[in-house]
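Numbering (my numbering), first residue to last: 23 to 163.
Ideal placement from N, C-alpha and C gives every residue a C-beta, glycine not left out.
Bear in mind the structure is a predicted one, so any value in this text is a computation, not a measurement.
To start, the structure under review is shown below, and the notes come after it.
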């Protein structure tokens with residue numbers, strides 16, 4: 023019985039079956055592992071973005087009613103979010119932090135709201151629909 027097992031092991035090694043099995047396992051397993059890594063990175067990035075938005079909301083809301091310009095409020099909020107994330111060892115590009123703060127600012131009490139049901143004043147000029155050129159994000163950034 024032991025001789026048969028030894029013969030089988032020797033045949034597996036000598037025939038290259040072991041190498042072929044390893045190669046097959048690697049080629050089949052690699053895409054699976056890469057997809058798991060990509061999913062983990064995506065989940066981490068999503069969680070990091072949500073944290074940045076929560077921090078931006080706190081930073082923006084803490085500046086409501088302060089007697090400083092909007093640009094100063096924006097700069098302070100960006101700096102606060104970035105310093106918190108850096109202190110925790112998390113790194114996000116400054117432009118992404120600025121985008122988060124801008125997004126929160128647009129939804130906050132700092133931004134005047136417009137009632138869509140309200141008729142525009144006579145002094146206000148409203149362009150007819152479809153006549154105003156859209157903002158190109160490439161030109162703004």
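>> Count Cβ pairs between the region 96-106 and the region 62-70 that sit closer than 8 angstroms; are there 3 or more?
In response: Touching, no, given that fewer than three Cβ pairs across the two stretches are closer than 8 angstroms.
>> Assess contact between the region 80-98 and the region 107-117, defined as three or more Cβ pairs (one per stretch) separated by less than 8 angstroms. Is contact present?
In response: No, the region 80-98 does not touch the region 107-117.
>> Once the 5 residues before and after residue 125 are set aside, which same chain residues still bring their CB inside 8 angstroms of it?
In response: 75 and 78
> residue 104 and residue 119: beta carbons closer than 7 angstroms?
Replying inline: yes
> Given that a residue counts as buried once 16 or more other Cβ atoms are within 10 Å of its Cβ, and exposed if not, what is residue 163?
Replying inline: Since pLDDT at residue 163 reaches only 47, below the 50 mark, its modelled position is unreliable, and the value read off the structure follows with that caveat. Its Cβ having fewer than 16 others within 10 Å, residue 163 is exposed.
> When the Cα atoms are used, what is the spatial distance from residue 43 to residue 70?
Replying inline: 40 angstroms
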